[in-house]
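> Let me give you the structure first, and then I'll get to my questions.
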Amino acid sequence: MKRYLPFLIIVAVLIVAAGSVIWFVQKSKQNGLSNTNANAQSDTAGGAHVRGPANAPVTVEEYGDFQCPPCGRMYPELKKIEQEYGDKIKIIFRNFPITTQHKFAMIAAEAAEAAGFQGKYWEMHDKLYENQQAWATSDDPGPAFIGYARELGLDLERFTRDMNGAEARSRVEQDMQMGNKAGVNATPTFLVNGRMLRTEATSPEGLRTAINVMLRVNQ
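Going by numbering that gives the first Met the number 0, the first residue of the sequence shown is number 0, and it counts up by one from there.
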């Protein structure tokens, strides 16, 4: 019996590991997460913007459209989630303007990128969502964007030039390409540690559930 003990220990370890994998897949299904790692790119690949601790155990990645009403409704909820989980989560935002439905979505994304060139990406991101109803229903959102840039203390000449420049557009398009590869077809779309939330799970409660699952897995 002693002779077979090492072998039996190895078999037992493998069985436990297999059971853990099966549990994780089943738990992911139950909590609205896809079975596949939809996006294995690095945090900063493409034009992504990141906030939160680099070593946070959970990464919440959003593909968003600044003119999208559901994105606007999720914005304050995501803020609450950030406050609740603190340094346990890291937030990544990637642009995914759905221009066939939202005519100002692209220029809004470019405005955020232009602010980012002066170190104020997240501040502009927040202003765009907080004031979505005002600029999204206007005839021309440009003056509103310049107004937000002024409030943020940006160099307005540079901001205007960058907002209409090739570099901002390129960063947005990189995000869109990554989203297309990941299978994104609506906004907001969330990935939690690379696993995409199914559409029916895209809610504050669904996002919290997915985060909690990943926190347990990473304990």
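C-beta: ideal position from N, C-alpha, C; glycine also. Only a predicted model underlies this, so the values are computations on that prediction, with no experimental measurement involved.
1. Measure the C-alpha to C-alpha separation of E109 and E81 and round it to an integer number of angstroms.
2. Would M213 and V59 be called neighbours here (beta carbons separated by less than 7 Å)?
3. For Q131, which option in T186, A107, W121 and I97 has the closest C-alpha, if you only look at C-alpha atoms?
4. Tell me whether N192 is buried or exposed, calling it buried when 16 or more other Cβ atoms sit within 10 Å of its Cβ.
5. Within its chain, find whatever has a CB closer than 7 Å to the CB of K119; leave out the 5 residues flanking it on each side and keep chain order.
6. Quick one: using the 10 Å Cβ neighbour count with 16 as the cut-off for buried, is N94 buried or exposed?
7. Beta strand (DSSP E) containing L153: first to last residue?
8. Pairing CB atoms from the segment 86-106 with CB atoms from the segment 174-194, are three or more of them under 8 Å?
9. Quick check on P187: buried or exposed, where buried means 16 or more other Cβ atoms within 10 Å of its Cβ?
10. Run through DSSP, which three-state label would V183 get?
11. Is the distance from the Cβ of D64 to the Cβ of A114 below 7 Å?
12. So, is E83 buried or exposed, given that buried needs 16 or more other C-beta atoms within 10 angstroms?
13. Work out the CA separation of H48 and F158 for me, nearest whole Å.
14. Does the distance from the CB of A111 to the CB of H124 come in under 7 Å?
In short, the structure shows the following:
1. 25 Å
2. no
3. A107
4. buried
5. L151 and L153
6. The residue in question, N94, is buried, as its Cβ has 16 or more Cβ neighbours within 10 Å.
7. Where L153 is concerned, there is no enclosing beta strand (DSSP E), given that its DSSP letter is neither H nor E.
8. A contact exists between the segment 86-106 and the segment 174-194.
9. buried
10. coil
11. no
12. exposed
13. Roughly 18 Å separates the two Cα atoms.
14. yes
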